[in-house]
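Enquirer: Counting in the working numbering, the sequence shown tops out at residue 721, every number present.
Idealized CB from N, CA, C, for every residue including glycine.
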Amino acid sequence: MFRRRDEAQPQTPATAPAERITSVLGDGVVVHGKITGRGGVRIEGAFEGEIALNGMLVVGTTGRVTCPHLQAQTVIVAGALRGDITAEKVEIRSTGRVWGNVVTVAFSTEEGAYLRGQIQMEDRVELDFPEPGDTSVEAVPPAP
Numbered sequence: 578m579f580r581r582r583d584e585a586q587p588q589t590p591a592t593a594p595a596e597r598i599t600s601v602l603g604d605g606v607v608v609h610g611k612i613t614g615r616g617g618v619r620i621e622g623a624f625e626g627e628i629a630l631n632g633m634l635v636v637g638t639t640g641r642v643t644c645p646h647l648q649a650q651t652v653i654v655a656g657a658l659r660g661d662i663t664a665e666k667v668e669i670r671s672t673g674r675v676w677g678n679v680v681t682v683a684f685s686t687e688e689g690a691y692l693r694g695q696i697q698m699e700d701r702v703e704l705d706f707p708e709p710g711d712t713s714v715e716a717v718p719p720a721p
């Protein structure tokens, strides 16, 4: 969808991560913080913070994400996402709702999906992921 038929498909680098889920944030779980790294993440709970994922992010039907600027290789939204998205591929499923702008190479949506924002189609997108060796974690003290 939204691609000329005579355009070549984008080349996937040989080092691209496998598009499979390696981590899950379950329904009923609320997290505030930062998600970085490689692999696939599925969010069925609530997340607020930063996401720079060298892999796939799936916001499940019960998932709620608030992220000012999300970056990932692939983003699939079946729940609710507030924030701008930059990704190679973006899909909004029929139950998905997105409030924010989208910059992508490939975009698809199902009937019933909701998008409040602009879509900017590019030949390629610049994604800025943290270095693979950067495993630092910022501790946030619990609220009193």
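Just to confirm the assignment: which complete beta strand (DSSP E) runs, minimum length 3, are found wholly within the segment 628-703?
Expert: Here the runs fully enclosed are 641-654, 657-669, 674-676, 679-686, 691-693, 696-698.
Enquirer: Does the segment 664-682 come within contact of the segment 600-611, defined as at least 3 CB pairs closer than 8 Å?
Expert: No, the segment 664-682 is not in contact with the segment 600-611.
Enquirer: Give the range of the beta strand (DSSP E) segment to which residue 597 is assigned.
Expert: Run containing residue 597: none; DSSP gives neither H nor E here.
Enquirer: Can you tell me the Cα-Cα spacing of residue 601 and residue 619, whole angstroms?
Expert: Between residue 601 and residue 619, the C-alpha separation is close to 5 Å.
Enquirer: Are residue 617 and residue 598 closer than 7 Å when you measure CB to CB?
Expert: The answer is yes: Cβ separation under 7 Å.
Enquirer: Taking the straight line between their C-alpha atoms, what separation do you get for residue 612 and residue 624?
Expert: Distance between the alpha carbons of residue 612 and residue 624 is about 9 Å.
Enquirer: Grouping DSSP H, G and I as helix and E and B as strand, with all else coil, what is residue 624?
Expert: If DSSP states are grouped into helix, strand and coil, residue 624 belongs with the strands.
Enquirer: Could you spell out where the beta strand (DSSP E) holding residue 614 opens and where it closes?
Expert: Residues 607-615.
Enquirer: Rounded to whole angstroms, what is the Cα-Cα separation between residue 638 and residue 708?
Expert: Residue 638 and residue 708: Cα-Cα distance of roughly 31 Å.
Enquirer: Given residue 693, which residues of its chain have a CB within under 6 Å of its CB, disregarding the five upstream and five downstream residues?
Expert: So the qualifying residues of the chain are 676.
Enquirer: Let me make sure I understand the geometry here. Which of 658, 657, 651, 701 has the alpha-carbon closest to that of residue 615?
Expert: The option with the nearest alpha carbon to residue 615 is 651.
Enquirer: Distance check for residue 686 and residue 635, CA to CA, integer angstroms please.
Expert: Going by the C-alpha atoms only, they are around 14 Å apart.
Enquirer: How many angstroms separate the CA atom of residue 631 from the CA atom of residue 667?
Expert: Rounded to the nearest angstrom, the two C-alpha atoms are 14 Å apart.
Enquirer: Have a look at residue 665 and residue 701 and give me their C-alpha separation to the nearest angstrom.
Expert: C-alpha separation (whole angstroms): 7 Å.
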